[in-house]
Amino acid sequence: MNVWYLIYRVIIDDIIFYPPIYQFLIIPGLIAALIVALIIIWFERKAAAFVQMRYGPREIAPKIGGAIQLVADLTRYALQEIIIPETVDVLPYLLSPIIMIILALLPLEAVPITSIRTYYPIPPDYSLLIAVALSTLSPLFIIIMSWASNNKFAVVGGVRESFIITAYELIAVLGFLSVAAMTQSFNLVQIVNLQMSGKWFGLLNPIALLVVFIAVLMSTSGFPFEIPDSESELVAGPYTEYTGLLYGLNMGGAYIKRWVFSILITIVFLGGWAPYRPTPGIITGYFIPSLIISIKALIVMAIMSFLRSVYGRYRVDQALGIAWEILIPLTLVAFGLGLAEAYFGII
Amino acid sequence: MASNISSGSVPHLPGMEVTELSKNTYEVYIGPAHPGSGHMRIIVEVDGDVMVRVDPDIGFVHRTMEKLAEGRDWIKNIPLFERMAILDACNITLPYVEAVERLLGTEPPDRARYLRTLLCEINRIASHLYGMGIFGVFLGHSTLYMWAFGDREVFIDLAEQMTGARLTHSYPVFGGVRRDIPDDFPENARKATKYMRNRLNEYAKIFLNNPNIRSRLENVGIMSKNLATELGIVGPNLRASGVRYDVRLNEPYEAYGDVEFEIPVFEEGDSLARAWARVEEIRQSLNIIEQAVDWLEKHPRENFMHEKFWKTAPKLYKDVFSGQIDYAGKYRVKLMPLFASLKVPPGKAFARVEAGRGEMVYYVESDGEDVPYRVRVVSPSFRNVIAFKYLMPGHRLMDLPAIYGSFDYFPPEWDR
Amino acid sequence: MVGGEKKLISIQDSLKNVLKDNIISIEQAKGYIDVLVPTDKLVDSAKKLKEFGFDHVKSVTAVDYIAKKQFKITYHISSYLNEELSKYIIGLSTIINRDDPHLPSLSKIWVSAEFQEREVYEFFGIIFDDHPDLRLLLLTPVVAALKPLRKDFVVKEESDNIEVDYAAYNATKWW
């Protein structure tokens, strides 16, 4: 056994596939999120273009249908001058986008993406609860961002963000927990294992899936559900004063939040790595299940982004009305449905 | 965002307006550098999320057309006024041409009347589609935006075949029109109308009947019949409030007395009704286009210019008209020389037409010189802008685009 | 158009009935009926016309007769709700002195005149008394001070050097 093999093992096992690093940075973390953003934004543009009788991006790399348009966009953001207005509160202004991105990725640290014990990032007993709790942290920094910007549009946007987050994160959390009521467990591994037989909880409890889907759509505020930063009256809402890379981070933050929620939806409702059964070994036990989850989550995101060509933007009070008057009762129904199914032993 | 400056210490500077705000409100400046405003500014005082005072501040693209017109030959004013709304060029210049014709005492021949009607309706459709597209993107509905702008291209192409220019046609001139239509035009026009009828149904499906859009528009910005009358609102916005007034109906000009069409009137007066009014008007315009095209096919090669001007026409012009030379050939056909030295008898004339966005009004006064003494232009958007001030307060800030877009604003037109 | 002539005469008669001795002259111009009233009877005439059914203002037109040292202000009014009256346009006009141009505002009678009166105010420097909100609408203060639509303001051949008093302008510059 030579030294190089040892170093190789260390790099592979202890660095790349060390679960906290792997899940945070590689799959389904930062790198996967970037690739997904590349694919999803391309898909979103192309799908919208198809519906809207136009071509979509094709100037950059026309042979592959403009697929790397996002790289060009990111380069532009990265090279753009970052203008910091005099009136902003500089420290929170600079830090909050970065913290927001990190916090947005943080729930991935709590999500097990395989059933092999050695590849759990944290003990999975309460992982659903922890993941859901961590996902509610990052919106706080959008509010901090809007306050630090010291701009009227930003403040209005921040207020809207806080309204929307309060309403829809609650729905998302309750929707996820209705599955916990079904399984009497917060353990995501156990939740996935229960779905191995093909009885996905999205099929058993479609109301919960629908409610969570809508809540994610609204709370991650992608176009055209971007009520906090709707450009026709608020310019860019909380991000009005941001330029260059910082603005790019903010835009990326929304996608990452959506990505993390898609992963959670995949695991909780769409069977996680099912029907694949992980076996010991890095590739078969860790890499493949993480890919399966990513692909399923990608499909969820693609459905979400297709909706942009169908819907317009809701008014903020209407969005809140839908949340508190329709979706919350619906969530409770989903919760009840989950309990009933557990009681009658359908699971 | 409390300002540090107390109102007592503010020096009075030119151009600076100091308005005291009541407690717990703040001002938001929508525009002029704002993705949702266009070339205008709406100063909104907001209490929480509800607009309390709305002050439309316009004039960012003002060009003083009325003054420029006083220094130009009569004929040169037509391309000038066109710049107010290039997408509605025929409608915008037509009342000026009519007013001058009234002063000159010339009546255009029948064919010219039908040609003008035809182009007016093509322009109206293009203008409505433009407005609807902008409206769609205001509500975050990018599909309608793209569809409307894509379909508008069909009618711009029609206008190009007819006049040789996509936007600034300068088509109606005193005593007639600038040129005749090519022979294959009626066929193309029928194809376009057939296509557009199908598309309108799809617009209704994806936008007007979309539950999401309906909830944004229904019962938003309700303008009662009396309020609309008081404010002097014009165009589809007026008819969406239940007032049956359309210049084409009340004082038929050009060929509108001879073609059959309906005036869609809606009773609701909200933003949704204003959007529907436009769709229904497009439908009626398609009918008018078909009728006008039928008439033109039945009366080929009639004169399209008043005799007084036609007899001064150059030979080339007459050759093109008689079919010896093709349109869009290599020749440059100039206007009749009489236009260059035209002097209009003294007098005062007033003319109105129904442009795409509403009633367009010109007052022309001549003192017998080769330039007008005074031209007063009142464009439809200028008369609609007052509605923002009186209609918006009481609505939420997010209703601003829903109301603003439903009025089919067009800053270059109201600024003139 | 014999019938049309008859109708025009009858509308002129009914205008005379409504306005009675307010009228200085009534004239059939091309496309509208010009009714000239004295300035102090303008508000009264407007009220009567509004009661008669003319419910909105189409245009507030000012014309500068520099030779006669006069402004002529015309309110082109018509009706939306009364279909018979909507076929006619009445020009309710009055003549005011060019040196001290004042006239009563009609914005309280016809709200639709509000923005148009503001426009006339900034372009001619004509002051509308009792206007609810007489501010500049389209122009900046520097340009409005030149009263650009008056006949003594001459546009230099299509150039963009409108003669602005830059010294005075710079003196009041605050940024």
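Residue numbers (our numbering), protein chains in the order written: chain A, 7 to 353; chain B, 2 to 417; chain C, 42 to 216. Even for Gly, the Cβ is constructed at its ideal location relative to N, Cα and C.
Query - Unbroken stretches of the alpha helix (DSSP H), 4 residues or longer, contained in the region 324–411 of chain B - result: 338–341, 381–385, 387–392, 400–407
Requested in this report: Go through its chain and collect everything with a Cβ distance to I32 of chain A's Cβ below 8 angstroms, but skip five positions before and after it.
Outcome: I22, A38
Query raised in the report: Within the chosen definition, does the region 188–198 of chain A reach the region 139–157 of chain A through at least 3 CB pairs nearer than 8 angstroms?
Result: no
Query raised in the report: Between which two residues does the alpha helix (DSSP H) harbouring D56 of chain B extend?
Result: Not the alpha helix (DSSP H): D56 of chain B falls in the beta strand (DSSP E), residues 51–58.
Query raised in the report: Candidates B:R302, B:R358, B:N213, B:G258: which alpha carbon is nearest I283 of chain B's?
Result: When each option's Cα is compared against that of I283 of chain B, the closest is B:R358.
Query raised in the report: Would you say Y172 of chain B reaches chain C, if we count a Cβ-Cβ gap shorter than 8 angstroms as a contact?
Result: no
Query raised in the report: From B:L218, B:R353, B:V365, B:E360, pick the residue whose C-alpha is nearest to that of V345 of chain B; which is it?
Result: Out of B:L218, B:R353, B:V365, B:E360, B:V365 has the C-alpha closest to the C-alpha of V345 of chain B.
Query raised in the report: Which residues mark the beginning and the end of the alpha helix (DSSP H) in which G208 of chain A is found?
Result: Residues 207–210.
Query raised in the report: Given that a residue counts as buried once 16 or more other Cβ atoms are within 10 Å of its Cβ, and exposed if not, what is I387 of chain B?
Result: buried
**Report entry** Residues, ordered as in the chain, of the region 117–146 of chain B that lie near chain A by beta-carbon distance below 9 angstroms
**Finding:** G137, V138, F139, L140, G141, H142, S143, T144, L145, Y146
Query raised in the report: Between S52 of chain A and the rest of its own chain, which residues show a CB-CB distance below 6 angstroms, the 5 nearest in sequence each way excluded?
Result: Before going on, a small fix: residue 52 of chain A reads as Lys here, not Ser. So the qualifying residues of the chain are G62.
**Report entry** Beta-carbon proximity check, P253 of chain B vs Q285 of chain B, cutoff 8 angstroms
**Finding:** no
Query raised in the report: Checking contacts by CB at 8 angstroms: is T135 of chain C closer than that to chain B?
Result: no
**Report entry** N202 of chain C, buried or exposed, once every other Cβ within 10 Å from all chains shown has been counted against 16
**Finding:** Caution applies to N202 of chain C, whose pLDDT of 49 falls short of 50 and renders its modelled position unreliable; the value that the coordinates give is listed next. Flag for N202 of chain C reads exposed.
Query raised in the report: How about the region 39–50 of chain B and the region 390–405 of chain B: do they share at least three Cβ pairs that are nearer than 8 angstroms?
Result: yes
Query - Cβ-based contacts, 7 angstroms cut-off: residues of the region 318–343 of chain A near chain B - result: If the cut-off is 7 angstroms between Cβ atoms, the region 318–343 of chain A has G318, R319, Y320, R321, V322, D323, Q324 near chain B.
Report task. With DSSP collapsed to three states, give me the class of G258 of chain B. Result -> coil
**Report entry** Beta-carbon neighbours of N251 of chain B, restricted to chain C and to distances below 8 angstroms
**Finding:** E124, S127, K128
Query - Residue ranges of each alpha helix (DSSP H) within the region 47–134 of chain B, 4 or longer - result: 66–70, 78–83, 90–105
Query raised in the report: Does A87 of chain C get closer than 8 angstroms to chain B when you measure Cβ to Cβ?
Result: no
Query - E28 of chain B - DSSP class collapsed to helix/strand/coil - result: E28 of chain B falls in the strand class under three-state DSSP.
Report task. Report all residues from its chain with a CB closer than 6 angstroms to the CB of A214 of chain A; omit the five preceding and five following residues, and keep chain order. Result -> G181, S184, A340
Query raised in the report: If you scan the region 176–247 of chain A from start to end, which runs of the beta strand (DSSP E) of 3 or more residues do you find wholly inside it?
Result: none
Report task. Could you spell out the range, first to last residue, of the beta strand (DSSP E) harbouring K88 of chain C? Result -> Per DSSP, K88 of chain C belongs to no beta strand (DSSP E); it is in the alpha helix (DSSP H), 83–93.
Report task. Between the Cα of E161 of chain B and those of B:G176, B:L239, B:A127, B:K312, spot the shortest distance and give me the residue it belongs to. Result -> B:A127
**Report entry** Strand pairing of Y106 of chain C, partner residues [DSSP]
**Finding:** C:Q111
Query - Cutoff 8 angstroms: F408 of chain B Cβ touching any chain C Cβ - result: No, its Cβ sits nowhere closer than 8 angstroms to a Cβ of chain C.
Query raised in the report: K99 of chain C and S119 of chain C look like a contact to me (Cβ under 8 angstroms); what is the Cβ gap, rounded to whole Å?
Result: 6 angstroms
**Report entry** Cβ shell of E292 of chain B (< 6 angstroms), same chain only, five flanking positions each side left out
**Finding:** The sequence given here has Gln at residue 292 of chain B, not Glu. For Q292 of chain B, where only same-chain residues beyond five positions count, the Cβ hits under 6 angstroms are V260.
Query raised in the report: Counting only runs that start and end within the region 139–174 of chain B, where is the alpha helix (DSSP H) found for 4 or more residues in a row?
Result: 143–164
Requested in this report: Keeping to the same chain, check which residues put their C-beta closer than 8 angstroms to that of H63 of chain B; ignore five residues upstream and five downstream.
Outcome: So the qualifying residues of the chain are D416, R417.
Query - D54 of chain C versus L287 of chain B: straight-line alpha-carbon distance, rounded - result: A straight-line Cα-Cα distance of about 41 angstroms links D54 of chain C and L287 of chain B.
Query raised in the report: Are A187 of chain A and G351 of chain A touching if we call contact CB-CB under 8 angstroms?
Result: no
Query raised in the report: In chain C, which residues lie less than 7 angstroms from D416 of chain B when you measure between Cβ atoms?
Result: Residues of chain C with a Cβ closer than 7 angstroms to the Cβ of D416 of chain B are, in chain order, L179.
Requested in this report: Leaving aside the five residues before and after Y14 of chain A along the sequence, list all residues of the same chain whose C-beta is less than 8 angstroms from its C-beta, in chain order.
Outcome: Taken in chain order, the list of residues that qualify is empty.
Requested in this report: Please classify Q201 of chain A: is it buried, with 16 or more other beta-carbons within 10 angstroms of its beta-carbon, or exposed?
Outcome: buried
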